[in-house]
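J.: Dropping a structure here in structure tokens format, bear with me for questions.
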Amino acid sequence: MQIKYTLLGGAVAMLVAGSAFAQDLVVKIGHVAPTSGGIAHLGKDNEMGARMAIDELNAKGVTIGGKKAKFELLAEDDAADPKQGTAAAQKLVDAKVNGVIGHLNSGTSIPASKIYSDAGIPQISPSATNPKFTRNGYKTTFRVVADDVHLGGTLGKYAVQQLKGKSIAVIDDRTAYGQGVADEFEKGVKAAGGKTVAREFTNDKATDFTAILTSLKAKKPDVVFFGGMDAVAGPMLRQMKQLGIEAKFVGGDGICSGELPKLAAGTMADGQVVCAEAGGVEGAAKKSMDDFYAAFKKKFNTDVQVYSPYVYDAVNVMVAAMVKAGSADPAKYLPVLAKTEGYKGVTGTIGFDSKGDIKNGALTLYTYKGGKRDQIAVVR
21 MQIKYTLLGG AVAMLVAGSA FAQDLVVKIG HVAPTSGGIA HLGKDNEMGA RMAIDELNAK
81 GVTIGGKKAK FELLAEDDAA DPKQGTAAAQ KLVDAKVNGV IGHLNSGTSI PASKIYSDAG
141 IPQISPSATN PKFTRNGYKT TFRVVADDVH LGGTLGKYAV QQLKGKSIAV IDDRTAYGQG
201 VADEFEKGVK AAGGKTVARE FTNDKATDFT AILTSLKAKK PDVVFFGGMD AVAGPMLRQM
261 KQLGIEAKFV GGDGICSGEL PKLAAGTMAD GQVVCAEAGG VEGAAKKSMD DFYAAFKKKF
321 NTDVQVYSPY VYDAVNVMVA AMVKAGSADP AKYLPVLAKT EGYKGVTGTI GFDSKGDIKN
381 GALTLYTYKG GKRDQIAVVR
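Numbering-wise, the working numbering comes out as the position in the sequence shown, counting from 1, plus 20.
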């Protein structure tokens with residue numbers, strides 16, 4: 021009789037424990053970025069931004085629909101490859117994630133967006149800037165950064181009006197991001213009354229640009245624009261120096277990293293490089309970004325590269341919608357997410373338009389001095 025009672029007691033205890041456990045709501049957030057390959061430093065930066073947000077949310081004890089939420093990060097590597105990106109997306113869908121933050125690149129974000137849309141899972145990219153990303157009519161697709169129309173166009177006008185570029189050359193890496201931002205840069209140059217003297221292309225794995233740069237040198241460019249990422253821009257800057265090309269070097273957020281001076285191996289002159297990063301804060305709002313940079317450094321013992329603050333905001337915006345909807349069910353919180361307005365993030369105020377694009381997106385222009393990024397201005 022005593023044994024039966026013990027078993028019964030154990031069963032009761034298990035039932036009670038199970039009941040208590042059922043009060044916790046497990047929320048799975050997927051994250052995809054290239055954590056291997058040439059831009060792994062950027063992908064790892066993104067993933068750390070997600071981990072920072074998840075850790076803080078769990079420490080706060082967030083409740084959704086009256087239940088304490090336990091957030092789990094399911095991180096995938098897409099190696100900046102579209103095929104691997106769609107495989108990672110399908111893996112997250114199969115894992116029944118509640119939402120996805122990513123991908124980093126436009127070339128992986130765009131094909132993955134259909135997979136998330138078909139599954140009804142919200143996707144917020146912290147860094148995909150190609151306009152096509154939000155132009156497919158998917159209700160699940162969002163981004164927290166300005167697109168290439170804004171970014172490339174602004175840089176094009178800056179190259180003519182501020183850098184006084186008279187002979188502007190354009191190179192792109194033929195990815196969705198690189199080609200897209202280069203196209204918009206060219207439009208910006210023309211809109212400002214400037215002209216481009218050459219358009220060349222390479223690829224996102226290239227390391228030798230001698231043929232392209234030798235051809236450009238003959239045209240005596242005073243500004244060279246590169247649409248691509250820092251892993252390619254660094255060696256390109258080295259070879260420009262070797263060939264005696266002293267032009268200003270301009271690029272989008274893909275080159276605007278803390279790693280660029282190392283990748284260029286000390287060949288960048290102060291003020292030579294001008295780049296733009298989607299997002300930006302000024303005045304009193306700048307403190308929240310500065311605080312994030314300090315907290316990130318303390319937590320991971322490394323500096324922010326580019327996008328981790330946007331990943332951090334994207335996670336928090338998604339969770340804020342779940343809290344407001346009282347549910348982590350994608351079908352229930354998605355309409356609330358779409359109506360996000362006036363969310364105060366570390367990267368600025370976030371709200372989405374009908375396409376899922378950020379409203380009134382800011383850009384921050386930077387240069388490099390003494391091997392460090394130096395802010396020029398925030399523009400809208």
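Yeah, the Cβ is synthetic: ideal placement off N, Cα and C, and Gly gets one too.
Which residue wins for smallest C-alpha separation from isoleucine 275, given the options Lys207, Pro355, Asp192 and Met309?
T.: For the residues Lys207, Pro355, Asp192 and Met309, the minimum Cα distance to isoleucine 275 belongs to Asp192.
J.: Do the region 257-273 and the region 206-213 meet, that is, are 3 or more Cβ pairs less than 8 Å apart?
T.: The region 257-273 vs the region 206-213: no contact.
J.: Tell me, which residues are paired with histidine 170 by DSSP?
T.: Bridge partners of histidine 170: none, in fact.
J.: Note the first and the last residue of the continuous beta strand (DSSP E) segment covering glutamate 96.
T.: Run containing glutamate 96: 87-97, per the beta strand (DSSP E) assignment.
J.: According to DSSP, is leucine 183 part of a helix, a strand, or is it coil?
T.: Coil, per DSSP.
J.: Going by the CB atoms, is the gap between valine 47 and phenylalanine 91 shorter than 8 Å?
T.: Result yes, Cβ atoms of phenylalanine 91 and valine 47 sit closer than 8 Å.
J.: Can you tell me the Cα-Cα spacing of tyrosine 386 and lysine 184, whole angstroms?
T.: C-alpha separation (whole angstroms): 17 Å.
J.: Taking only three categories from DSSP, how would you classify lysine 389?
T.: The answer is strand: DSSP assigns lysine 389 an E or B state.
J.: Cβ of histidine 123 within 8 Å of Cβ of glycine 105?
T.: For histidine 123 and glycine 105, yes; Cβs fall inside 8 Å.
J.: Around the Cβ of asparagine 336, are there at least 16 other Cβ atoms within 10 angstroms (buried) or fewer (exposed)?
T.: Counting Cβ neighbours within 10 Å, asparagine 336 comes out buried, since at least 16 surround it.
J.: In the DSSP output, which residue or residues are listed as bridge partners for lysine 48?
T.: Its beta-bridge partners are Glu92.
J.: Quick one: residues in its chain with C-beta nearer than 7 Å to the C-beta of lysine 422, no 5 flanking neighbours on either side, listed in chain order?
T.: The shown model of the chain, from 21 to 400, leaves out residue 422, and the question about it has no answer.
J.: So, helix, strand or coil for glutamine 325, using DSSP?
T.: It is coil, neither helix nor strand.
J.: Okay, do the region 322-339 and the region 353-369 touch, 3+ Cβ pairs below 8 Å being the bar?
T.: Yes: at least three Cβ pairs fall under 8 Å.
J.: So, under 8 Å CB-CB, glycine 272 and leucine 357 are touching, yes? Tell me the CB distance rounded to an integer number of Å.
T.: Not confirmed; about 27 Å, so no contact.
J.: Span of the alpha helix (DSSP H) holding threonine 230?
T.: Note, threonine 230: alpha helix (DSSP H), 230-237.
J.: Once you ignore the five residues that flank lysine 352 on each side, which residues in its own chain have a CB closer than 7 Å to its CB?
T.: Same-chain partners within the cutoff: Ala345.
J.: Between methionine 288 and the rest of its own chain, which residues show a CB-CB distance below 7 Å, the 5 nearest in sequence each way excluded?
T.: Cβ neighbours of methionine 288 beyond the five flanking positions: Leu257, Pro281 and Tyr388.
J.: Assuming contact is defined by CB atoms lying nearer than 8 Å, are glycine 69 and proline 102 in contact in what I supplied?
T.: No. Outside cutoff.
J.: Thinking C-alpha only, which one of Gly381, Ser129, Asn223 and Asp250 is nearest threonine 160?
T.: The shortest C-alpha separation from threonine 160 is found at Ser129.
J.: Whose C-beta lies closer than 6 Å to the C-beta of alanine 73 among residues of the same chain, with five residues either side of it excluded?
T.: Closer than 6 Å at the Cβ level, and outside the excluded window around alanine 73, lie Tyr332, Val335 and Asn336.
J.: For serine 374, does the count of other Cβ atoms within 10 angstroms reach 16, so buried, or fall short, so exposed?
T.: Exposed.
J.: Can you tell me where the beta strand (DSSP E) with aspartate 192 in it begins and where it stops?
T.: That run of the beta strand (DSSP E) goes 188-192.
J.: Scan the region 201-274 and note each continuous beta strand (DSSP E) run of 3 residues or more that stays entirely inside, going in chain order.
T.: Fully enclosed beta strand (DSSP E) runs of 3 or longer: 216-221, 243-247 and 268-271.
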